[in-house]
Amino acid sequence: MPALNIEFSEAEMARLRERATITGKSLKQHVHDVTVQEADRIAFVEGAVAEATRILPGVTERFPEGMR
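Note that our numbering has the sequence shown beginning at 1180, numbered continuously upward.
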């Protein structure tokens, strides 16, 4: 399985360890999950922006006064 070696400051590591403990996960699992969730969030936002861009012209045509 591919792996990644990332360097963190002492303060960053302390925050990551604290969050991992709070969530009941190992540090490795916590960092993995946060990274994957962020990638999923970005994909969702990009999809929402694309959909808004697609439908916005029709909305402004139907409701021109409300879009000022």
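Beta carbons: idealized from backbone N, C-alpha and C, even for Gly.
Within its chain, find whatever has a CB closer than 7 Å to the CB of arginine 1198; leave out the 5 residues flanking it on each side and keep chain order. His1209
Do you know offhand how far threonine 1232's Cα is from leucine 1206's? 39 Å
Start-to-end residues for the alpha helix (DSSP H) that takes in proline 1236: 1206 to 1241
Among Ala1190, His1211, Ala1193, nearest to leucine 1183 - alpha-carbon criterion: His1211
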